[in-house]
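Scroll down for the structure; my scribbles are underneath it.
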Amino acid sequence: MGVGVRIEELLAAKGLSQSELARRVGVSQHSIWHLINKGKTGSRHITKIARELETSVAYLEGETDDPEADAPLPGAPRENMVEVAMVDLAYGMGGTFLSEHPDSRMEEFPLSFLRNFTKADPGQLMIAEGVGDSMAPTIGPSDLVLIDRGQNNLNIDDRIWACAIGEIGMIKRLRVRGDTVTLLSDNANVPEDRAADGELHLIGRVVGKFSRL
1 MGVGVRIEEL LAAKGLSQSE LARRVGVSQH SIWHLINKGK TGSRHITKIA
51 RELETSVAYL EGETDDPEAD APLPGAPREN MVEVAMVDLA YGMGGTFLSE
101 HPDSRMEEFP LSFLRNFTKA DPGQLMIAEG VGDSMAPTIG PSDLVLIDRG
151 QNNLNIDDRI WACAIGEIGM IKRLRVRGDT VTLLSDNANV PEDRAADGEL
201 HLIGRVVGKF SRL
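Residue numbering for the sequence shown follows the UniProt record's numbering, beginning at 1 and increasing consecutively.
Encoded structure:
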């Protein structure tokens with residue numbers, strides 16, 4: 001019995017869908033589908049998949065026929081911890097191509113820590129990497145930005161947003177004048193740009209950043 005069959009049987013036994021398992025593991029549903037249908041061992045996510053299915057890697061990979069052998073004990077829920085999506089997608093401070101289906105994973109953060117930046121529902125938050133220096137010194141190259149996807153109404157000028165024009169994603173300060181949105185960079189050497197009404201897609205407001213030394 002291959003790894004794909006064993007995963008599929010455990011999903012059925014626990015009443016879980018492929019999409020729900022993917023969400024818990026922090027991968028795309030296609031990754032789970034591929035593992036089930038191709039049945040290849042050695043996935044770098046296999047340990048987390050085994051934990052979510054309350055079994056062992058040895059069982060999934062066919063080294064034992066006992067799904068409870070060496071299975072991890074269910075852990076007690078940790079208080080005040082929430083999951084936030086870490087998206088493998090770099091937002092260009094100047095502009096970068098957006099992948100249609102970026103990989104993501106879920107990481108745990110203390111809710112009290114996130115409350116230093118936002119009161120948003122953690123399910124609306126995501127963390128992505130910024131690239132380029134057009135928003136320096138506010139956001140530096142490779143800083144991680146915390147984006148609130150629940151905020152998608154441009155009703156206050158000069159806040160920083162993750163946005164896109166077509167398939168080009170960027171992080172900019174936005175200012176509305178009539179039907180025109182001005183895209184402002186904090187780097188004084190970068191000229192402002194403009195987007196016509198309906199051309200700009202708001203992904204979410206940048207509510208925090210995490211800098212690397």
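C-beta atoms are modelled at their ideal positions from N, C-alpha and C, and glycine is treated no differently.
Predicted model only: the values in this text are computed from it and were never measured.
- Residue 80 is a Cβ neighbour of residue 110, given a cutoff of 8 Å.
- DSSP, reduced to helix, strand and coil, places residue 130 within a strand of the structure shown.
- Around the beta-carbon of residue 38, fewer than 16 other beta-carbon atoms lie within 10 Å, marking it exposed.
- Taking 8 Å as the cut-off, the beta carbon of residue 147 is found closer than this to the beta carbon of residue 125.
- The beta carbon of residue 118 sits closer than 6 Å to the beta carbons of 148 and 207 from its chain, once the five residues preceding and following it are set aside; these are given in chain order.
- Of all alpha-carbon atoms in 195, 210, 145 and 15, the one lying nearest the alpha-carbon of residue 166 is that of 195.
- The alpha-carbon separation between residue 152 and residue 179 amounts to approximately 17 Å.
- Under the three-state reduction of DSSP, residue 64 is assigned to coil, being neither helix nor strand.
- One alpha carbon belongs to residue 150, the other to residue 189, and they sit about 32 Å apart.
- Inclusion of residue 163 and residue 114 in the CB contact set at 8 Å is not warranted, their separation being larger than that value.
- Every unbroken stretch of the beta strand (DSSP E) spanning 3 or more residues and falling wholly within the stretch 128-176 is given here in chain order: 144-148 and 159-165.
- Boundaries around residue 20 are those of the alpha helix (DSSP H), 18-25, since no beta strand (DSSP E) includes it.
- The shortest C-alpha to C-alpha distance from residue 13 to any of 61, 24 and 67 is the one to 67.
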